[in-house]
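If you read the sequences in order, they're chains D and E.
Residue numbers 1 to 428, in my numbering, belong to the letters of the first sequence in order.
Residue numbers 1 to 428, in my numbering, belong to the letters of the second sequence in order.
Below: the structure, in structure tokens.
2 protein chains.
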Amino acid sequence: MTIRFYNARILTMEEPLEIFMGELWVKDGKITYCGSPVSAPITQPFDREMDLQGNLILPGFKNAHTHSAMTFLRSFADDLPLQDWLSKQVFPMEALLTESDIYTLSKLAIAEYLTSGITANFDMYVNSDAIAQSSVDTGFRTVIVSGLNNFVHSLKGLADCYETYNHFHPLIRYQLGFHAEYTTNESLLLGVAELAKTYHAPVYTHNSETNAEVADCIRRTGKTPTAYLASLGVYDYGGGGYHCVHFSEEDIAIFKEKHLSVITNPASNLKLASGIAPIRRYLAEGINVALGTDGPASNNCLDMFREMFLMTGLAKVREEDASVVDALSVLRAATVGGAKAMGLSQCHTLTVGSCADLTVLDLHKPNMQPLNHILKNIVYSGSKDNVLLTMVNGRVLYEKGCFYLDEDIETIYEKCNKITQRIKAAKK
Amino acid sequence: MTIRFYNARILTMEEPLEIFMGELWVKDGKITYCGSPVSAPITQPFDREMDLQGNLILPGFKNAHTHSAMTFLRSFADDLPLQDWLSKQVFPMEALLTESDIYTLSKLAIAEYLTSGITANFDMYVNSDAIAQSSVDTGFRTVIVSGLNNFVHSLKGLADCYETYNHFHPLIRYQLGFHAEYTTNESLLLGVAELAKTYHAPVYTHNSETNAEVADCIRRTGKTPTAYLASLGVYDYGGGGYHCVHFSEEDIAIFKEKHLSVITNPASNLKLASGIAPIRRYLAEGINVALGTDGPASNNCLDMFREMFLMTGLAKVREEDASVVDALSVLRAATVGGAKAMGLSQCHTLTVGSCADLTVLDLHKPNMQPLNHILKNIVYSGSKDNVLLTMVNGRVLYEKGCFYLDEDIETIYEKCNKITQRIKAAKK
Chain D
1 MTIRFYNARI
11 LTMEEPLEIF
21 MGELWVKDGK
31 ITYCGSPVSA
41 PITQPFDREM
51 DLQGNLILPG
61 FKNAHTHSAM
71 TFLRSFADDL
81 PLQDWLSKQV
91 FPMEALLTES
101 DIYTLSKLAI
111 AEYLTSGITA
121 NFDMYVNSDA
131 IAQSSVDTGF
141 RTVIVSGLNN
151 FVHSLKGLAD
161 CYETYNHFHP
171 LIRYQLGFHA
181 EYTTNESLLL
191 GVAELAKTYH
201 APVYTHNSET
211 NAEVADCIRR
221 TGKTPTAYLA
231 SLGVYDYGGG
241 GYHCVHFSEE
251 DIAIFKEKHL
261 SVITNPASNL
271 KLASGIAPIR
281 RYLAEGINVA
291 LGTDGPASNN
301 CLDMFREMFL
311 MTGLAKVREE
321 DASVVDALSV
331 LRAATVGGAK
341 AMGLSQCHTL
351 TVGSCADLTV
361 LDLHKPNMQP
371 LNHILKNIVY
381 SGSKDNVLLT
391 MVNGRVLYEK
401 GCFYLDEDIE
411 TIYEKCNKIT
421 QRIKAAKK
Chain E
1 MTIRFYNARI
11 LTMEEPLEIF
21 MGELWVKDGK
31 ITYCGSPVSA
41 PITQPFDREM
51 DLQGNLILPG
61 FKNAHTHSAM
71 TFLRSFADDL
81 PLQDWLSKQV
91 FPMEALLTES
101 DIYTLSKLAI
111 AEYLTSGITA
121 NFDMYVNSDA
131 IAQSSVDTGF
141 RTVIVSGLNN
151 FVHSLKGLAD
161 CYETYNHFHP
171 LIRYQLGFHA
181 EYTTNESLLL
191 GVAELAKTYH
201 APVYTHNSET
211 NAEVADCIRR
221 TGKTPTAYLA
231 SLGVYDYGGG
241 GYHCVHFSEE
251 DIAIFKEKHL
261 SVITNPASNL
271 KLASGIAPIR
281 RYLAEGINVA
291 LGTDGPASNN
301 CLDMFREMFL
311 MTGLAKVREE
321 DASVVDALSV
331 LRAATVGGAK
341 AMGLSQCHTL
351 TVGSCADLTV
361 LDLHKPNMQP
371 LNHILKNIVY
381 SGSKDNVLLT
391 MVNGRVLYEK
401 GCFYLDEDIE
411 TIYEKCNKIT
421 QRIKAAKK
């Protein structure tokens, strides 16, 4: 399949960030040309040529933290204190999910990612088989991260998954991880550190999401979660933390020294009243920052435009300074920062040879006019309403409100509603 | 023009908030039927009958604070401290706007309102003629509020406008107001109080947006802005405040006693680092809360879905309690709360005889699935991508991404870009 986008504004996300008019060609999932308009007659025929009418192509957003299959809990358990939410709603209902449920619920999330220009996710959930298959079947790119904890999985299972899913399909990668230090005992954590050493691999986990979590870790171990994990060797080969809302000076120093990524989830941190992460500081220290939606039970939507505005807006109100964490920093986090955190070095910029993971934003909408500063418009004013098209690995999976997946979208909705109804009925 | 919407979910916003399956008829700008499905043969012919396929009709959102014509500054002056933003960017460029510019720039904002399901705005800007005409020409509903201050307008002009624009066109109303106590001298404020008495009319103004503003007012007058304005009689006939981020106990008591409305603008308060308003407290006191986007230079987008999520999300993180300011409170603020604040008693619910100001939300989108709780979905997960149709006063002005205005949307974009370029060139 070959595609030519022309008459396009292009933002490659290579530095310095600049938009130029040009065209972009795609063949067999890769970018084969990205540059100035081609005026000479083009001899090779394309399967499809699209006049983008000045609309903007940029790399797809990387949703660097999510739990896709939790779509079934969207708007079921809101407006509840965090502990109630987890113990009374989330855990009992998750226990009722089958592998087939997780497959279908993940597909619903993938459809939603596409509406927001997201081309890859970093997905932590209990069933890697179902996640991997839902992505491969829809054509979406997923980096799976282990949700190992005291109750599910084992170190052997983690090692098996690591080897299996890093050789499963070009759309799938697997990273070492565990749910959180407060759900994973020290023996398991030492085992994870050992695996990190074996594979020379980074490790990812929920880290310092709430004040209570940090205080509890200090009470138990005498250390913050970051310091504790570092002391066990978990972070010796890099990796990162999801949330990173409540960090000490020492935590920041560890993240800096070990080149760990902060993966921030601002909407979730609001909705669950967890707090506002010190993003200005992380950026000032040169720490890689990525952006994620978290799962649909705690957000509730999977919308990178919301996250982008929140990343800058919350930093501004936190620091009482409207000039901090500017729009360009946010765009970097949502694209190249995410790719770096997830280990997707082939999908981060629009350059020849890279994977054709991209989105096209419609500038012919009131919220993008006038064209004072397109990059700022995306962050401060953009919405899913601007997403014209989302392409993953050279395939158009979403265009003008329609999905091009292996299954009809209304069928996916119907299945998800049935799953939800079944689980609600069983819980009663 | 008669229209029948059938096979619809309907949320009238009458209490208790409930969704039912039914239909809604519109004739000459009014709702003529809203209730159960009509099974008997319908004898009267409709100009148009729409099968909504289970999608949701609800009252249009009321954008209860904005400065529409500031679209020209969108993404031009971001990431700047507030004072720099106002003095170095906003004021010098606004001084260059003509009446015709304001007319066109307001039209761009109206188009954007429609994409977000907004059917009325509460617009403070310097030229009432241009604002009124842009709304009448596009078919949009606007409550204009005076931006009187030491530099523009006069008390005589305010009285003239009040009389003129309350008898100008069914789509236009006018409310007394002034920019802010810090830009309006005491003699003018006493004059406004006198006009409020003459007309038995409410008064609206920017109030306690920043800490610095409150501290400065106390230094000058010995009182907070609310207490100061109340002492002058400005609020004797009701009204409200835009922003209300930094309120004292006395301010809250005054708002409660005088039945004033808090009009909150959460995105703007983030972007300009102003703070987070104590919305939980206002609601607990029974104060009417409305929701607004503020102008496009300080937000930058005109999107009620963003504001709705922020209203609850910021309250949760402020109070460190995920259960506060629930989704239904937010929906009320965005619809009936706004209508009450703006004095639009004929447009607040979907009831027979009310103005047909409504929006249809597409539930056949991933972010609305599964259908656990549709009202929570709207607030936590909704986006402009869900807006299928927006109708003002019985006319469809926006449907499936297309605008039905008096002027082509691309022409409006072109004119707005020309205005912006001219002003940028003149400022250099």
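Beta carbons: idealized from backbone N, C-alpha and C, even for Gly.
Please read all numbers here as calculations on a predicted model, not as lab measurements.
Is there at least one Cβ from chain E nearer than 8 Å to D/GLU243's Cβ? Residue 243 of chain D is actually His in this sequence, not Glu. So no, D/HIS243 is outside the interface.
Name, please, each residue of chain D whose Cβ falls closer than 9 Å to the Cβ of E/THR119. Here the premise fails: no neighbours, minimum Cβ distance about 15 Å.
Bridge partners for E/VAL352 per DSSP, in chain order? BP columns for E/VAL352 are empty, so no partner.
Got a sec, what are the start and stop residues for the beta strand (DSSP E) E/GLN44 sits in? From DSSP, E/GLN44 is part of no beta strand (DSSP E); its letter is neither H nor E.
Check for me: the alpha helix (DSSP H) holding E/PHE91 runs from which residue to which? 91-94
Residues within the stretch 122-134 of chain E neighbouring chain D, beta-carbon criterion of under 8 Å: none
Tell me whether D/LYS30 sits in a helix, a strand or coil according to DSSP, three-state version. strand
Please report how far the alpha carbon of E/VAL360 lies from the alpha carbon of E/LEU56, in whole angstroms. 5 Å
Cβ shell of E/TRP85 (< 6 Å), same chain only, five flanking positions each side left out: ALA77
What distance in whole Å lies between the Cβ atoms of E/TYR242 and E/HIS67, which are believed to be in contact at a cut-off of 8 Å? Contact doesn't hold; Cβ gap of about 10 Å is too wide.
D/LYS62 to D/CYS355, Cα distance in whole Å? 13 Å
With distance defined between alpha-carbon atoms, name the residue in D/PHE20, D/LEU371, D/GLY338 nearest to E/LYS418. D/LEU371
Residues near D/LEU158 in its chain [Cβ-Cβ closer than 6 Å; skip 5 each side]: SER146, LEU148
Distance, Cα to Cα, D/GLU15 vs D/VAL336? 11 Å
Run of the beta strand (DSSP E) containing D/ILE172, from where it starts to where it stops: 172-180
Return the residue from the list D/LEU52, D/ASN299, D/LEU350 that minimises the CA-CA distance to D/ASN7. D/LEU52
Is the beta carbon of E/PRO225 closer than 8 Å to that of E/ASN211? no
So, are the CB atoms of D/ILE144 and D/MET304 less than 8 Å apart? no
Nearest-angstrom Cα separation, counted from E/MET308 out to D/ILE131: 32 Å
Which residue from E/ASN299, E/ARG332, E/SER75 puts its Cα closest to that of E/ASN288? E/ARG332
Of all the options D/GLY382, D/GLU320, D/GLY60, D/ALA339, which has the alpha carbon lying nearest to the alpha carbon of E/PRO296? D/GLY382
Ignoring anything shorter than 4 residues or poking outside the stretch 277-313 of chain E, list the alpha helix (DSSP H) runs there in chain order. 279-284
Reduced DSSP category for D/GLU410 - H, G, I as helix; E, B as strand; rest coil: helix
Throw me the rounded Cβ distance for the D/ILE431 and D/THR264 pair, which I believe falls under 8 Å. Residue coverage of chain D in this structure runs from 1 to 428, which leaves residue 431 of chain D outside it and unanswerable.
Any 3 or more C-beta pairs closer than 8 Å across the stretch 22-36 of chain D and the stretch 338-352 of chain D: yes
Reducing DSSP to helix, strand and coil, say where E/LEU11 ends up. strand
Beta-carbon of D/HIS373 versus every beta-carbon of chain E: anything under 8 Å? yes
For E/TYR237 and chain D, any beta-carbon pair shorter than 8 Å? no
Taking DSSP as the reference, what is the three-state secondary structure of D/SER261? strand
Out of curiosity, what's the CA-to-CA distance linking E/SER268 and E/SER100? 27 Å
Counting only beta-carbon separations shorter than 8 Å, does D/ASP326 have a partner in chain E? yes
From the DSSP output, in three-state form, read off E/CYS244 for me. coil
One question on the structure: do D/ALA215 and D/SER261 come within less than 8 Å of each other, judged by their Cβ atoms? no
Residues of chain E with a CB under 9 Å from the CB of D/ARG306: which are they? PHE305, ARG306, PHE309, SER383
Counting contacts by CB-CB distance shorter than 8 Å, is E/PHE91 in contact with chain D? no
Nearest to E/ASN367 by CA position, among D/SER36, D/VAL152, D/LEU105, D/ASP79, is which residue? D/LEU105
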